[in-house]
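Asks:
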Ligand SMILES: [Zn+2]
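Printed below as a string of structure tokens:
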């Protein structure tokens, strides 16, 4: 297996913990930790086709378009406001990459923003259009050159951990954001997390390719020509980036290595959640036998 670390490009990967999911092609799948930077990722990585199939299965029926009354949505909007209120001004150009259900559109509408989205799922794209937003593409690798240096704010929420090439989306953001603009990235925190629902059976999940620590999120930002200007790290990582003077970004190998810390934490989680995980795993196997 010649997988490379998605953060530092090293091949020095060590098997860490196996996850369990009914959505996986072979129910068990390894994660690995990079000995050079402490990044955790699926091992071996999926192919593009596998990612697509798993995402379709996993997310099928999970989203409801136009779910305006959902308490979950209200909570997410409030949280988004707490992060972006200090950056947003009326009339800004905003890009939501991986807009999903486009729930963030309400927040930006309140600020008279020009809302743009890149979204791969048909029904979500239709929703953006019918709600007054503009869809500029479906995939990250599209041609967006006409929007270079166009956006004041770019939002990449809970997307980067799903990607086989996380640096690519940040490079795109670096290209499309104005030099005075802000790129906001949010994703799960791999150094501090809840295991409610299970560790190997819920926190580790087939649709997540990567598990970022804050240092490694900052590092991939640097690789893409972005500089972290502020951040917070609870159960979720929230990072605000600006363009660096030079968009080359070749110093991504620098930074702290959390390898030992990560190994210790994941082994602890493995032990602490053993019973909960075993119960869940047994139930899934039983259901398969009964079927
Ligand atoms: Zn690495």
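In my numbering, the protein residues as written are 1205 to 1495. Where is the CB? At the ideal position from N, CA and C, for every residue including glycine.
Please determine whether the Cβ atom of residue 1243 lies at a distance below 6 angstroms from any heavy atom of ligand 1.
Replies: Yes; taking the cut-off as 6 angstroms, the Cβ of residue 1243 has a heavy atom of ligand 1 nearer than that.
Asks: What do you reckon, are the CB atoms on residue 1502 and residue 1323 nearer than 7 angstroms?
Replies: Because residue 1502 is not part of the residues shown, which for the chain are 1205 to 1495, the question remains open.
Asks: Mind checking whether residue 1366 and residue 1391 have CB atoms under 7 angstroms apart?
Replies: It is not a contact, given that the beta carbons lie outside the stated cut-off.
Asks: Measuring only from the beta carbon, is residue 1214 closer than 6 angstroms to any heavy atom that is part of ligand 1?
Replies: Indeed, a heavy atom of ligand 1 lies less than 6 angstroms from the Cβ.
Asks: Report, in whole angstroms, the separation of the C-beta atoms of residue 1389 and residue 1360, which I expect to be a contact under 8 angstroms.
Replies: About 5 angstroms; that satisfies the 8 angstroms criterion.
Asks: Starting from residue 1392, trace the alpha helix (DSSP H) in both directions and tell me its first and last residue.
Replies: Run containing residue 1392: none in the alpha helix (DSSP H); it sits in the beta strand (DSSP E), 1381-1392.
Asks: Can the beta-carbon of residue 1249 be found less than 7 angstroms from the beta-carbon of residue 1207?
Replies: Yes, the Cβ-Cβ distance between residue 1249 and residue 1207 is below 7 angstroms.
Asks: Within the continuous alpha helix (DSSP H) that includes residue 1328, where are the two ends?
Replies: It spans 1326-1334 - the alpha helix (DSSP H) in which residue 1328 sits, taken as one unbroken run.
Asks: For ligand 1, any of its heavy atoms closer than 6 angstroms to the Cβ of residue 1238?
Replies: Residue 1238: yes, Cβ under 6 angstroms from ligand 1.
Asks: Just to confirm my understanding: we take residue 1439, look at its own chain, exclude 5 residues before and 5 after, and list those with CB closer than 8 angstroms. What are they?
Replies: Closer than 8 angstroms at the Cβ level, and outside the excluded window around residue 1439, lie 1392, 1393, 1396, 1397 and 1398.
Asks: Looking at the strands, I want to know which residues DSSP matches up with residue 1231.
Replies: Looking at the DSSP assignment, residue 1231 forms no beta bridge with any residue, so it has no partner.
Asks: For residue 1479 and residue 1223, what's the separation of their Cα atoms in angstroms?
Replies: Those two C-alpha atoms are separated by around 14 angstroms.
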